[in-house]
Amino acid sequence: MGKKGGSKGGGGAKAKGSGDSDQPKEKKGGTAVKVRHILCEKHSKSMEALEALQNGGKFNEVAAKYSEDKARSGGDLGWMTRGSMVGPFQDAAFALPKSTVANPNYVQVKTKFGYHIIMVEDKK
Numbered sequence: 505m506g507k508k509g510g511s512k513g514g515g516g517a518k519a520k521g522s523g524d525s526d527q528p529k530e531k532k533g534g535t536a537v538k539v540r541h542i543l544c545e546k547h548s549k550s551m552e553a554l555e556a557l558q559n560g561g562k563f564n565e566v567a568a569k570y571s572e573d574k575a576r577s578g579g580d581l582g583w584m585t586r587g588s589m590v591g592p593f594q595d596a597a598f599a600l601p602k603s604t605v606a607n608p609n610y611v612q613v614k615t616k617f618g619y620h621i622i623m624v625e626d627k628k
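Basically my numbering = 1-based index in the sequence shown + 504.
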């Protein structure tokens with residue numbers, strides 16, 4: 505009879521199923537990110553920027569010095585929605601946790617535009 509209690513474990517599986525229904529809510533809640541990036545055409549320059557960040561540089565200051573695109577004002581791209589970014593950039597942006605320019609969580613990705621170092625300031 506103790507094994508019948510195991511069927512409650514099946515109820516646990518249902519609970520997991522209801523956890524799955526939370527996932528669309530996450531997607532719905534995560535349709536835009538406020539993102540900054542540093543874009544470098546050459547890998548060597550992006551590595552210099554990464555080193556500056558690892559040595560405690562503020563993301564916006566490193567972006568102003570190293571980024572080679574129009575977002576030179578601290579790398580701020582503003583709010584970007586799903587579908588408005590190239591694949592690897594978008595995947596990385598939505599996977600990153602929120603952080604600040606003074607203490608950024610960042611990742612480097614390569615796209616057809618070059619090497620991006622990305623951080624996310626906010627999500628909605």
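Glycine included, each C-beta is placed from N, C-alpha and C at the ideal position.
Where the alpha helix (DSSP H) through V590 begins and ends:
The residue you call residue 590 lines up with position 86 of the sequence shown. Segment: none, V590 is in no alpha helix (DSSP H) and carries neither H nor E.
On the CB-based measure, 16 or more other CB atoms within 10 Å of its CB, does N564 come out buried or exposed?
Position 60 of the sequence shown, counted from the start, is the residue given in the question as residue 564. Classification of N564: buried, given that the 10 Å Cβ count is 16 or more.
May I ask which residues mark the beginning and end of the alpha helix (DSSP H) holding L554?
Against the sequence shown, residue 554 aligns to sequence position 50. Per DSSP, L554 is one residue of the alpha helix (DSSP H) stretching across 547-558.
Which partner residues of Y619 appear in the DSSP bridge assignment?
For the purposes of this step, residue 619 is taken as residue 115 along the sequence shown, with counting starting at 1. Looking at the DSSP assignment, Y619 forms a beta bridge with C544, K614.
Other residues of its chain near A599: CB distance less than 8 Å, five sequence neighbours each side excluded:
As a working mapping, residue 599 is identified with position 95 in the sequence shown. Excluding sequence neighbours, A599 sits near V611.
What is the DSSP secondary structure of A536, counted as helix, strand or coil?
Mapped onto the sequence shown, residue 536 falls at position 32. Strand.
Under the DSSP definition of a beta bridge, which residues are partnered with G582?
If you number the sequence shown from 1, residue 582 lands on position 78. G582 pairs with V539.
For A536, which option in H620, W583, E555, V590 has the closest C-alpha, if you only look at C-alpha atoms?
Indexing the sequence shown from 1 puts residue 536 at position 32. The shortest C-alpha separation from A536 is found at W583.
Could you tell me the alpha carbon to alpha carbon distance between L543 and Y570, rounded to whole angstroms?
Position 39 of the sequence shown, counted from the start, is the residue given in the question as residue 543. Position 66 of the sequence shown, counted from the start, is the residue given in the question as residue 570. For L543 and Y570, the gap between their C-alpha atoms comes out near 8 Å.
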